[in-house]
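Here the protein sequences line up with chains A, B, C and D, keeping their order.
Each residue of the first sequence is one higher than the last, beginning at 481 in my numbering.
Each residue of the second sequence is one higher than the last, beginning at 23 in my numbering.
Each residue of the third sequence is one higher than the last, beginning at -12 in my numbering.
Each residue of the fourth sequence is one higher than the last, beginning at 92 in my numbering.
Scroll down for the structure; my scribbles are underneath it.
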Amino acid sequence: MSTVSTITEPGQEYPAPARKNLLLDAWLVLFLAITFGTALAFVHVKLSPIVQANIRNETLSLVPVLVGSPEEFDIQELSQVTPSGESLSFFHVTDKEAKGLGWVITASSIGFADRIQLLVGLDESASQILGIRVVDQKETPGLGNLISDPEFRDQFEGAPTAKPLSIVKSAPAEDHQIRAVTGATISSVTVANAVNQAVLNLKYYLESNPS
Amino acid sequence: MDNTLITILLAAGILLVIAVLMALILGWANIAFHVPTDPKITAVTEILPGANCGGCGFVGCAEYAEAVVKGKAPATLCGPGGQDTANKIAETLGLSLGETWPFKAVVHCAATREQRLKQTPYYGEQTCAAANLVPGIQGCVYGCLGYGDCQDVCEYGAIDMVDGLAVIDVDKCTGCRACEKACPRGIITMIPFKTEEVLVVTCSNKDKGVLVKDVCTVGCIGCSACTKPSDGLIEMINDLPVVNYDKDSSGIDLHKSVEKCPRESLVFIGLHKDKKKPKGEPERIEANFATTIDQTEWRG
Amino acid sequence: MDTIISLFLIFIGAALINNFVLHYFVGICPFIGVSRRVDMAFGMGCAVTFVIAIAATLSWTLTFYILRPDAPLSAWLWKALGGNPGITVDLSILSYIAYIFVIASSVQFVEMYVKKFFPALHRSFGIFLPLITTNCAILFACLEIMKNLQGGDQLWGLHHALALSVGGGIGFTIAIVIMAGLREELELCDVPKALKGPGIALLVAGILAMAFMGFTGVDRGVADAIRTLTHN
Amino acid sequence: MASSSPSPAERFIAGILPENPIYRQMLGMCPTLAVTNSLKPALTMAIATTFVLLCANISISLIRPLLKPHLRILVFTLTIAAFVTIADRLLAAYLYEMSKQLGPYVPLIIVNCIIISRCEACASKQPLPHAIADAIGMGIGFTLALASLGFVRELLGMGSLFGHQVLPSSWPNWGILVLPPGAFLTLGALLGAVNAWTARRKARQLSN
Chain A
481 MSTVSTITEP GQEYPAPARK NLLLDAWLVL FLAITFGTAL AFVHVKLSPI VQANIRNETL
541 SLVPVLVGSP EEFDIQELSQ VTPSGESLSF FHVTDKEAKG LGWVITASSI GFADRIQLLV
601 GLDESASQIL GIRVVDQKET PGLGNLISDP EFRDQFEGAP TAKPLSIVKS APAEDHQIRA
661 VTGATISSVT VANAVNQAVL NLKYYLESNP S
Chain B
23 MDNTLITILL AAGILLVIAV LMALILGWAN IAFHVPTDPK ITAVTEILPG ANCGGCGFVG
83 CAEYAEAVVK GKAPATLCGP GGQDTANKIA ETLGLSLGET WPFKAVVHCA ATREQRLKQT
143 PYYGEQTCAA ANLVPGIQGC VYGCLGYGDC QDVCEYGAID MVDGLAVIDV DKCTGCRACE
203 KACPRGIITM IPFKTEEVLV VTCSNKDKGV LVKDVCTVGC IGCSACTKPS DGLIEMINDL
263 PVVNYDKDSS GIDLHKSVEK CPRESLVFIG LHKDKKKPKG EPERIEANFA TTIDQTEWRG
Chain C
-12 MDTIISLFLI FIGAALINNF VLHYFVGICP FIGVSRRVDM AFGMGCAVTF VIAIAATLSW
48 TLTFYILRPD APLSAWLWKA LGGNPGITVD LSILSYIAYI FVIASSVQFV EMYVKKFFPA
108 LHRSFGIFLP LITTNCAILF ACLEIMKNLQ GGDQLWGLHH ALALSVGGGI GFTIAIVIMA
168 GLREELELCD VPKALKGPGI ALLVAGILAM AFMGFTGVDR GVADAIRTLT HN
Chain D
92 MASSSPSPAE RFIAGILPEN PIYRQMLGMC PTLAVTNSLK PALTMAIATT FVLLCANISI
152 SLIRPLLKPH LRILVFTLTI AAFVTIADRL LAAYLYEMSK QLGPYVPLII VNCIIISRCE
212 ACASKQPLPH AIADAIGMGI GFTLALASLG FVRELLGMGS LFGHQVLPSS WPNWGILVLP
272 PGAFLTLGAL LGAVNAWTAR RKARQLSN
């Protein structure tokens, strides 16, 4: 390579940049920082209540559905620390006379692709599952994501909790058996395990708070 | 105090603190870590958008700026900046760079299909890139294959295939280098057209004369007869004459070298601005030789 | 042990299974733009990995102490200014601006530092640094870290943030180097004129993404194996 | 780009097809690939981007006399980041489902090269009407590109449009198109189609 370039000669000295007042130089950036900070704080104050309500409603709107859609109900939000140290939040649904209608618990487990999040509805004594809903999942479209379909999820309705649920690949013979989604055994097993864990968590809560 | 007011104060305050911190650190670093750089590169970098999108094929605006200043890239590659940026760069560098020469492509082979010997019939894919992989397709392993890969990539219609040989019309050639990259045998290079006519070696065969005569009727036999009248402008490297385009050729009559050549391996290629003018004494373009921008290893 | 397994899962997840480029589509611009030569692609990958780790560290610190809901520093300031103690302070609305500030300045700082003290290193991969400011992969890593500091069961520690960012950077490097290798070969192919350049690159990337889908589930398998081994 | 100084109308037209940000300039590829597996998120994303582009172009055009060359990119990103945050919160407040689905890709608008390159190439040099026309033109071009991708991927991948089944149920859904690789494949194929179409049109113009 014969480079005959007279533009950058190695020995040539270029002056260092002059020492300027940096903050004065960047006044526009600083001014914008203040302006945007103020503007965003306004947006936050105005919109964050709506956003918070959206997040809560997402779960709360599903809660009554999972305990058999009663016409009148109250929802109590409770929390409990499990033996494994997790802090759980769950919902106790009661009618107007404070008579218990059932429980709704959040459950989650790592599925095939990412974490699967569920809501599990149980009856008052935690002896029967009333229904489940998949809140969030990123399983493979066309296979794993069928766990959200009514076909799979309706199998859980009415299942007893005396024995842990198990997944089978053919038509289920017993109450506690759930038929897997074809081609998505791992996703199905994850859902069943998460439900089982939720049942255990609720039972533990009921034992430690006998009232 | 009111909660809203405090939120605003906190938000604005924290952003301000971050901004001030960053400005101070960067300002200090700018002076403490100062490395002397060519002000021209800095100037061009400042003209460029600084989006560092990579669209020009260089990694970031600064590298592109360096390439432009060093003459390794045209000033027109910046997509986001568009024509305005290109004009500004040209303006900035035009003032400081002085004159440059147009670089044009030349083919270092002069053998038409009939003049290349020992050919075998080839029915494969009709591209040079494919044909080049077939051993024994023709006797000369250095010369033009004639399937026109260079013609295909030329967007300016400057290349014609004449009797199985690529011929470049220097008037149409813009020096974009597409053909240089396309040729699998690397026999197209860019040379600076400092004069109206430029001496070009039209053979790339590095073998000894006996072997060359076996495979080609016009190729260079490495007799070095051309070097003597050239006053050191032509040197023999690997049995091929190499023209040093960096040297000032004024005062050297290169036509004598062409006359001495027993084959047809040295020719003048000219910018045919005035086609009626008889070939002979080429007119010189006056230019400042000190600012030559040299880009590749010239093979002459 | 559990911490190590969870770090491992985050790392493998970011590097292979949910590869930043081929699954989340972040950093596509350099992936298509700077993938013509393997050496350049590798330099770019190294630079991204380096910057992503720095940006992750800074943004984790910023988020954990100031920007997340109920962050210690902002909660203290809130109290000091006499705010209502019943309200959770949440400055996460500032996070996008703050991250972009941090990324832009740290990239510039690192570039100046490397240029001054490691000129050889700067020549080989420093030139890629300014290109990174607008690389979505960095901001994406910051956003993932922020997502895991918003509350919930377990807040991410700095080690989790680093596992994610270094994994993501390595995943980016793997993807862009493979892509560059493929494109070097593509140069010799007779591509239909309309698909030349980015068109064929995107199709190749599609096939590459399909191949990377094969990694799904690898993390679980390996984690299970580690668990079984350590139990025995 | 037209030579001297195009009028607002010319800038508007240029953004839609001749200088389409996706098919011509290959800018802003992340959202193009990531959120186009169906039409609805694709259009939401396009509208959010257009909103940010418009706001950023207006602000930059207004403060353009104050810009300093070495700090201008920082000012651009700062402005864009602020508007993106606002767009993000608006989505979360009024279109919560969409905001959840788009996830991190809304904040990633900040580093979308389209916006920064429009701020640089147009807004920082042109008066307000030009900047607005440019932003809307580019926004429509971006929307068209995203919509075309979303259309192909949702129609062939799920047999539906906007979530409504349109193809007969016997259509074997091309699941791969909804998955990440499908994004690359579809964009590559569409890009080839657009190039082929332009080449043919150019050839016809030349022959006339």
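Cβ atoms here follow ideal geometry from the backbone N, Cα and C, with glycine treated the same way.
Proximity test, Cβ basis, 8 Å: residue i and chain A
i, result
"Leu139 (chain B)", "no"
"Ala184 (chain D)", "yes"
"Leu165 (chain D)", "yes"
"Thr114 (chain B)", "no"
"Ala84 (chain B)", "no"
Buried versus exposed call for residue i [16 or more other C-beta atoms within 10 Å across all chains shown]
i, result
"Ala107 (chain C)", "exposed"
"Asp296 (chain B)", "In this predicted model, Asp296 (chain B) has a pLDDT of only 41, less than 50, meaning its place in the structure is not dependable enough to derive any value."
"Asn681 (chain A)", "buried"
"Gln532 (chain A)", "exposed"
"Ala180 (chain B)", "buried"
"Ile647 (chain A)", "buried"
"His218 (chain C)", "exposed"
"Ile(-9) (chain C)", "exposed"
Neighbour flag for residue i against chain C, beta carbons, 8 Å
i, result
"Leu70 (chain B)", "no"
"Leu240 (chain D)", "no"
"Ser94 (chain D)", "Residue placement at Ser94 (chain D) is poorly supported in this model, since its pLDDT is 39, which falls under 50; the coordinates still yield a value, given next. No, Ser94 (chain D) lies away from the interface with chain C (no Cβ there is under 8 Å from its Cβ)."
Any C-beta of chain B under 8 Å from that of residue i
i, result
"Ala506 (chain A)", "yes"
"Ile530 (chain A)", "no"
"Ala105 (chain D)", "no"
"Ala212 (chain D)", "yes"
Euclidean distance between Cα positions of residue i and residue j
i, j, result
"Arg24 (chain C)", "Met31 (chain C)", "11 Å"
"Lys92 (chain B)", "Asp270 (chain B)", "21 Å"
"Leu540 (chain A)", "Leu186 (chain D)", "18 Å"
"Phe233 (chain D)", "Tyr11 (chain C)", "20 Å"
"Val675 (chain A)", "Leu142 (chain C)", "24 Å"
"Ala274 (chain D)", "Gly193 (chain C)", "7 Å"
"Ile84 (chain C)", "Ala172 (chain D)", "5 Å"
"Gly120 (chain B)", "Pro96 (chain B)", "Reliability fails at Gly120 (chain B), whose pLDDT of 39 lies under 50, so the model's placement of it is uncertain and no value is given."
"Arg292 (chain D)", "Cys204 (chain D)", "29 Å"
"Val661 (chain A)", "Arg613 (chain A)", "15 Å"
"Ala664 (chain A)", "Gln635 (chain A)", "16 Å"
"Ala105 (chain D)", "Ala112 (chain B)", "25 Å"
"Ile585 (chain A)", "Gln192 (chain D)", "23 Å"
Beta carbon proximity, residue i to chain D, threshold 8 Å
i, result
"Asn122 (chain C)", "yes"
"Pro185 (chain C)", "yes"
"Val523 (chain A)", "yes"
"Leu136 (chain C)", "no"
Nearest residue (CA-CA) to residue i, options the options
i, options, result
"Ile231 (chain D)", "D:Ala125, D:Ser98, D:Met136", "D:Met136"
"Ile259 (chain B)", "B:Leu48, B:Gly244, B:Ala151", "B:Gly244"
"Gly241 (chain D)", "D:Arg163, D:Met189, D:Lys131", "D:Lys131"
"Ala188 (chain B)", "B:Cys198, B:Asp174, B:Lys216", "B:Asp174"
"Leu623 (chain A)", "D:Glu211, D:Gln256, D:Gly266", "D:Gly266"
"Val222 (chain B)", "B:Ala153, B:Gln137, B:Phe290", "B:Phe290"
"Cys267 (chain B)", "B:Lys278, B:Gly254, B:Asp261", "This sequence places Tyr at residue 267 (chain B); Cys is not what is there. Nearest C-alpha to Tyr267 (chain B): B:Gly254."
"Val76 (chain C)", "B:Asn227, B:Phe125, B:Thr249, B:Asn25", "B:Asn25"
"Ile627 (chain A)", "A:Ile596, A:Gly601, A:Pro644", "A:Ile596"
Beta-carbon neighbours of residue i, restricted to chain A and to distances below 8 Å
i, result
"Leu37 (chain B)", "Ala513, Ile514, Phe516, Gly517"
"Ile177 (chain D)", "Ala519, Leu520, Val523"
"Ala33 (chain B)", "Gly517, Thr518, Leu520, Ala521, His524"
Chain-ordered neighbours of residue i on chain D, where CB pairs are closer than 8 Å
i, result
"Leu763 (chain A)", "There is no way to answer for residue 763 (chain A), as the model of chain A reaches only from 481 to 691."
"Val205 (chain C)", "None at all; the shortest Cβ gap to chain D is about 16 Å."
Contacts of residue i in chain C (Cβ-Cβ under 7 Å)
i, result
"Val57 (chain B)", "Lys102, Lys103"
"Thr168 (chain D)", "Ile87, Ala91"
Interface partners of residue i on chain B, CB under 8 Å
i, result
"Leu510 (chain A)", "Leu38, Ala41, Val42, Ala45"
Partners in chain D for residue i, counting only beta-carbon separations shorter than 9 Å
i, result
"Phe29 (chain C)", "Near Phe29 (chain C) there are no residues of chain D at all, since even the closest Cβ is about 21 Å away, more than 9 Å."
Under 9 Å from the C-beta of residue i: neighbouring residues of chain A
i, result
"Thr29 (chain B)", "Ala521, Phe522, His524, Val525"
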